[in-house]
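Undergrad: Each residue of the sequence shown is one higher than the one before, counting from 410 in my numbering. Note that beta-carbon positions come from the ideal geometry of N, C-alpha and C, so glycine has one too. Predicted model only: the values in this text are computed from it and were never measured.
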Amino acid sequence: MYLSTQVVRMVIMYLDRNGNLRAQIVSAIQNDIFTNRKAGDKLPSETEYSKMFDVTRTTVQKALKDLEQMNLIEKVQGKGSFVRQTKPRVKLFNFKGFSDYARQIGAVAVNKIISAEVKHENGRELYVLRRLRLIKADQNLTPMTLDESVLDLQRFPGLNNYDFSKQSLYETIRQEYKTYPSTSLLRMSALSANQAEAQLLDCDEHSALLQAEGVVHDQNGETVEKVKVIYSHYAEFDLTLGM
């Protein structure tokens with residue numbers, strides 16, 4: 410089933426020609442996949458999408474490439490593009506790229522604060538922040554990671570006063586504290602999801618999940634944060650040293 414003529418006209422009407430057309434087209438095709446299609450369905454051709462959205466084929470090709478990287482669609486040589494699944498799987502290109510990649514694919518990074526507290530340990534004040542990180546595409550929320558960050562308030566005074574459900578932690582650290590996360594040393598391990606983790610990450614209890622735990626350093630090799638990240642089964646990623 411193709412996008413209906415009425416829907417296409419509405420999309421063209423509301424495309425912001427001064428905005429990111431690629432991201433808007435990704436969003437429109439995502440919505441069509443989520444609401445109208447099932448795995449295995451054939452999508453319109455690049456030429457058909459180009460006419461539908463009144464854009465160049467190059468723009469359509471880039472949008473379809475973004476959807477491929479999300480594993481929502483797959484391209485079959487000589488046959489076209491097909492729906493792979495109706496839930497996004499996001500490839501996290503590096504350890505800090507969650508928000509940036511969400512913007513690139515026309516989605517929104519959503520942070521839900523699980524807990525945020527100040528703890529005292531060995532005479533130091535530590536800010537312990539636990540967040541559920543999700544991707545929002547149209548009206549669909551997909552849980553990606555469950556993060557725990559531990560930061561020293563002596564180094565980052567007042568950091569606990571920011572609302573990190575609305576602000577990026579790393580952008581705040583860069584802009585307000587002139588500290589630039591640069592490298593990470595991480596240990597990967599498997600874990601069995603407990604009841605709380607399963608509920609947050611949309612999986613069955615005792616499902617096997619991947620966890621990254623370690624330290625993030627700044628441009629001078631100083632510790633920025635100790636971090637623990639549990640990845641949902643919707644997340645795919647590559648680990649690199651550079652940020």
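With H, G and I counted as helix, E and B as strand and the rest as coil, what does DSSP make of L541?
TA: DSSP places L541 in strand when its eight states are reduced to three.
Undergrad: In the DSSP assignment, the beta strand (DSSP E) including L430 goes from what residue to what residue?
TA: Here L430 belongs to no beta strand (DSSP E); instead the alpha helix (DSSP H) covers L430 to N445.
Undergrad: Starting from M479, follow the alpha helix (DSSP H) in both directions and report where the run begins and ends.
TA: Neither: M479 is in no alpha helix (DSSP H) and is coded neither H nor E.
Undergrad: When you compare only the Cα positions, how much space is there between Q548 and K587?
TA: In a straight line, the C-alpha of Q548 is about 35 Å away from that of K587.
Undergrad: Can you look up A644 in the DSSP assignment and give me helix, strand or coil?
TA: Strand at A644.
Undergrad: Where does Q608 fall in DSSP's three states?
TA: Three-state result, Q608: helix.
Undergrad: Rounding to the nearest angstrom, what Cα-Cα distance links V416 and V435 in this structure?
TA: Residue placement at V416 is flagged as unreliable, the pLDDT there being 44, under the threshold of 50; a coordinate-derived value is accordingly withheld.
Undergrad: Which same chain residues end up closer than 6 Å to R355 when comparing Cβ atoms and leaving out the 5 residues on each side of it in sequence?
TA: Residue 355 is absent from the model: the chain starts at 410 and stops at 652.
Undergrad: Determine, using beta carbons only, whether T592 and H626 come nearer to each other than 7 Å.
TA: Against a cut-off of 7 Å, the Cβ pair of H626 and T592 comes out as a contact.
Undergrad: Find the nearest neighbour of Y640 within the set V624, D611 and R466, judged by alpha-carbon distance.
TA: Ranking V624, D611 and R466 by Cα distance to Y640 puts D611 first.
Undergrad: Can you say whether N429 is buried or exposed, counting buried as having 16 or more other CB atoms within 10 angstroms of its CB?
TA: That one is exposed.
Undergrad: Could you please give the first and the last residue of the uninterrupted beta strand (DSSP E) stretch that includes F491?
TA: Counting along the chain, the beta strand (DSSP E) containing F491 begins and ends at G489 to V492.
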